[in-house]
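Asker: Residue numbers (this note's numbering): 1 to 375.
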Amino acid sequence: MKKQVKLTAKETSATNHDFYNLFRPITPSLDIIGKVAQVISAITEAITIWHITQSEMVGSSKIVAIIVSLFAMLLVVAVLELGGRKFLQVVTRALVWKRLKNSWYIALFVIVSLITVGMGVLSFRLSTNGIKHAFVSNVPVTTIIDDSEMKSDYRRGVREIDSQFDKEWRMIKENHREITMSTSDKFKAEIAVIDLKIEEYESKYRNGSKWAKGHIENYRKKATHLATEKANAIAKLNAKKTEKLENWQNRKNKAIAAEKSEMKSAIATVITQQNKVLDSKRTNANFWGGLFSWLVGFSVILAFICIVTVEVYRRGSGIQVEYEEEDKTPSILEMLWDGVVLRLDSFIRVRAERFAKITKPESVQKTIGFSYPRG
1 MKKQVKLTAK ETSATNHDFY NLFRPITPSL DIIGKVAQVI SAITEAITIW
51 HITQSEMVGS SKIVAIIVSL FAMLLVVAVL ELGGRKFLQV VTRALVWKRL
101 KNSWYIALFV IVSLITVGMG VLSFRLSTNG IKHAFVSNVP VTTIIDDSEM
151 KSDYRRGVRE IDSQFDKEWR MIKENHREIT MSTSDKFKAE IAVIDLKIEE
201 YESKYRNGSK WAKGHIENYR KKATHLATEK ANAIAKLNAK KTEKLENWQN
251 RKNKAIAAEK SEMKSAIATV ITQQNKVLDS KRTNANFWGG LFSWLVGFSV
301 ILAFICIVTV EVYRRGSGIQ VEYEEEDKTP SILEMLWDGV VLRLDSFIRV
351 RAERFAKITK PESVQKTIGF SYPRG
């Protein structure tokens, strides 16, 4: 098993006791405040990464999306918060202790500074934008209403209108039929009387009464005139029926249109109310999102300030942080893992050598004691 070492940070004693005694009471608080601010920053960064990964993996499996999101959250938060803290400490110590002795110091200091600035800007952007997005994204984009009840009322109203107007139309047709039959029967009766007269005078004409011929012609003209009047009367009745049909259809269409307009108006009223609610929610979300965005942004900056302030305090007090390597006792889990790896490696190696027909050199056994010649 390989030897493991761990890096231990130790602080030296203070050399400037006046400075140390003055600022010592608030230093632990500054350190705690900085760590709490970093926790706030880490939570908001995690929220942002979660939203990004979840939105980009909408079509993927839910379990895969959750695993990838959690992995991305842990990775980004660890790099930005833990790495950013260490990098900022090193940069601050290099400046306050004036450790930039030569070009190698300066070159590495510039690299570390650029990385620190990048992580700081990224942490600030993720935290502030993420918390605002978390508020705004919870507000629905469009208005979704349940208009099934209103449409059901509309269909029920249309059925009632159809039923009412169908009854009215049946009455119109029945009335028209009765009037038409009555008018037709009236004219038929009058024509029948005239036909009887015509038959009477035709009989007289056949019996030799020449004067009856004029009466026959007159009564035939009357019959023809009555037939024409009958046709005109029935035509007028049919025209009135057509007019009533058009009026009936127009009134029915207007009633259905009014019912439909009432439904649309009700839906529009609900949509307007919902839009007002959404606008109010968006306004509140933007307000609280902006407020918390400023709060989180201040927390990120406060974390940076606290880290730098602690290092300045150490410099003013003359406290230096020294790192020592110490032997690290592996944990039980690490020992178990190493044992499993070694056994697996031995298992695979033996079978690979057997497959490749690689023979190990025979070990020479050493004799303990004196060697005597054999006869």
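Glycine included, C-beta positions come from ideal geometry on N, C-alpha and C.
#1: Closest by CA to residue 287, which one among 31, 40, 131 and 85?
#2: Using CA atoms only, rank isn't needed, just tell me which of 354, 34 and 29 is closest to residue 302.
#3: So, under 8 Å CB-CB, residue 109 and residue 100 are touching, yes? Tell me the CB distance rounded to an integer number of Å.
#4: Tell me the DSSP secondary structure of residue 14 in three-state form.
#5: Flag this pair as yes or no: are the beta carbons of residue 223 and residue 172 separated by less than 8 Å?
#6: Do you know offhand how far residue 320's Cα is from residue 13's?
#7: I need the DSSP call for residue 7, collapsed to helix, strand or coil.
#8: Of the choices 189, 37 and 161, whose alpha-carbon is the least far from that of residue 127?
#9: The alpha helix (DSSP H) spanning residue 55 covers which residue range?
#10: Taking 8 Å as the cut-off, does the segment 38–47 touch the segment 68–82 (at least 3 CB pairs, one atom from each stretch)?
#11: Would you tell me roughly how many angstroms separate the C-alpha atoms of residue 50 and residue 136, rounded to the nearest one?
#12: Extract the residue ranges of the alpha helix (DSSP H) inside the segment 103–143, only unbroken runs of 4 or more that lie entirely within it.
#13: Does the beta-carbon distance from residue 30 to residue 309 come in below 8 Å?
#14: Does the beta-carbon distance from residue 150 to residue 271 come in below 8 Å?
#15: Report the CB separation of residue 124 from residue 317 in whole angstroms; it is logged as a contact under 8 Å.
#16: So what does residue 321 bridge to, in DSSP terms?
#17: If you draw a straight line from the C-alpha of residue 281 to the C-alpha of residue 289, how long is it?
#18: Got a sec? Which residues, its chain only, sit under 8 Å from residue 227 by beta carbon, not counting five neighbours each side?
#19: To the nearest angstrom, how far is it from the Cα of residue 298 to the Cα of residue 117?
#20: List the DSSP bridge partners of residue 160.
#21: So, at 6 Å on beta carbons, what are the nonlocal neighbours of residue 230 in its own chain, with the 5 sequence-adjacent residues on each side left out?
#22: Under a CB-based cut-off of 8 Å, is residue 219 close to chain C?
#23: Residue 184 and residue 234 - do their beta-carbons sit closer together than 8 Å?
#24: Nearest to residue 197 by alpha carbon, out of 338, 221, 334 and 63?
Answerer: In this structure, then:
#1: 131
#2: 34
#3: 6 Å
#4: coil
#5: no
#6: 8 Å
#7: strand
#8: 37
#9: 27–56
#10: yes
#11: 15 Å
#12: 103–136
#13: yes
#14: no
#15: So it is not a contact: roughly 30 Å between Cβ atoms.
#16: 11
#17: 11 Å
#18: 187 and 191
#19: 16 Å
#20: Answer is none; residue 160 lacks a bridge partner.
#21: 187
#22: The structure shown contains no chain C; it holds only a single protein chain.
#23: yes
#24: 221
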